[in-house]
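The block underneath contains the structure these notes are about, expressed in structure tokens.
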Amino acid sequence: MFYTAKMSLRLRLSASFVLIFVCHSSLAAEPLWQDQPLRDYIAWLTSQDIAIIYSSDLVRPEYKVTTEPVNPNSVAALREALQPYRLSLAQGPGDSLLIVRQQTASGHIDLTVMEAGTTFGIADVRVFVGGKLLGVTDGNGKLAISDQEPGTLELLVAASGYIDIAPNIIELTTGQTLPVRIDLQPLQQALPEIVVTSSLYSLRYDLAGSHTFLDRDLTTKLPDVGDDAVRSIDRLPGVANGGVSTR
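Counting along the sequence shown from 1, when you hit position 2 you're at 80 in our numbering, and nothing is skipped either side.
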């Protein structure tokens, strides 16, 4: 503030009072909290003589104040800041306040994983909800998933020998038991190659015992036979014709 010689003492005192009042008002202005860390806002409320107890597992470092509180130095403003993260306040020891998770009725999922086009349930299918492994299916391809917070959930299944699929997005409401069926396509297994080659085998057949062959030329040379074929056979060992002749 600049003063001139023509300014009266009363005017100078008034100007100084205005300056001091403006400076005091600017120092007393409350900070703006929108987009600021929620933990910082809670620490500021604690400095304003509001005893607050919370766990770092509930109030995470990335949580921020989403909207500017109308009356930041109040319990109601704190409740509003906690609401987007499903947190609320409970009475703690003495006059303190506890930050707790909101009590909501959980939902359940009855999952069945089948082989596509069949009634065959797939066992040992890995099941993920929100990226977290919750278990594997039983021998019938079933898994009961309990105590899930209501809302939009990402359900993913994976099994050896089956084609991977995209996650299933499901909506789970409060207290609901939601049946979900997922069909998986088996991987196409390549058949092993079979090579067939041919081989040449020589088969020999030997008749058992001794054999006597009598051809035409030999029979014509035998005496007392001539052209009689039956009489020629009679000459063979062990053969009798009973006196029969072709003549």
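Note that the Cβ used here is the ideal one computed from N, Cα and C, for glycine as well.
When the Cα atoms are used, what is the spatial distance from residue i to residue j?
i	j	result
Asp261	Val207	17 Å
Pro139	Gly239	42 Å
Val137	Arg157	13 Å
Ile120	Gly209	31 Å
Ser104	Ala168	Bear in mind that a pLDDT of 41 at Ser104, under 50, signals an unreliable position, so the number given afterwards is only what the model happens to contain. Each residue's alpha carbon lies about 35 Å from the other.
Val178	Val148	23 Å
Gln266	Ser166	53 Å
Pro270	Lys220	33 Å
Ile131	Ala222	36 Å
Thr196	Ile272	30 Å
Asn151	Gly170	19 Å
Kindly list the residues whose CB is nearer than 8 Å to the CB of residue i, restricted to its own chain and excluding five residues on each side of it in sequence; keep chain order.
i	result
Ala237	Val191, Ile200, Asp202, Val203, Arg204 and Leu262
Leu211	Arg204 and Val205
At which residues does the beta strand (DSSP E) containing residue i begin and terminate?
i	result
Thr230	Gly229 to Ala236
Asn246	Asn246 to Leu250
Thr255	Thr255 to Leu262
Val205	Arg204 to Val207
Glu193	Gly185 to Glu193
Ala168	Leu165 to Gln169
Val178	Leu175 to Arg179
Spatial neighbours of residue i within its chain, please: C-beta separation below 7 Å, excluding the five flanking residues on both sides.
i	result
Ala194	Asp261, Leu262 and Gln263
Ser125	none
Gln112	Val143, Thr145 and Glu146
Tyr163	Tyr141
Ala159	Leu116, Tyr119, Val143 and Pro147
Provide the residue span of the alpha helix (DSSP H) that contains residue i, from first to last.
i	result
Glu154	One detail in the question is off: residue 154 reads as Ala in this sequence, not Glu. Counting along the chain, the alpha helix (DSSP H) containing Ala154 begins and ends at Val153 to Leu160.
Asp125	The residue you asked about is not Asp; residue 125 is Ser in the sequence shown. Segment Leu116 to Ser125, the alpha helix (DSSP H) holding Ser125.
Let me know the secondary structure DSSP gives residue i once reduced to three states.
i	result
Asp135	coil
Tyr141	coil
Asp225	strand
Leu89	Note on Leu89: pLDDT 47, under 50, position unreliable in the model; no value is reported.
Asp295	helix
Val62	Residue 62 cannot be examined here, being either before or after the span of the chain that is shown, 79 to 325.
Pro130	The amino acid occupying residue 130 in the given sequence is Ile; Pro does not appear at that position. Ile130 falls in the strand class under three-state DSSP.
Gly239	coil
Lys220	strand
Gly172	coil
Taking 7 Å as the cut-off, is the C-beta of residue i nearer than that to any heavy atom in the ligand ZN?
i	result
Ser125	Ligands in the displayed structure: none, and consequently the ligand ZN is not present.
Output needed for residue i: all residues of its chain with C-beta closer than 6 Å, excluding positions within five of it in sequence on either side, in chain order.
i	result
Ile248	Leu231 and Leu233
Pro59	In the structure as shown, the chain begins at 79 and stops at 325. Residue 59 is therefore absent and cannot be evaluated.
Pro228	Gly185, Leu250, Thr251 and Thr252
Pair every Cβ in the region 154-174 with every Cβ in the region 209-219, then say whether three or more of these pairs are closer than 8 Å.
-> no
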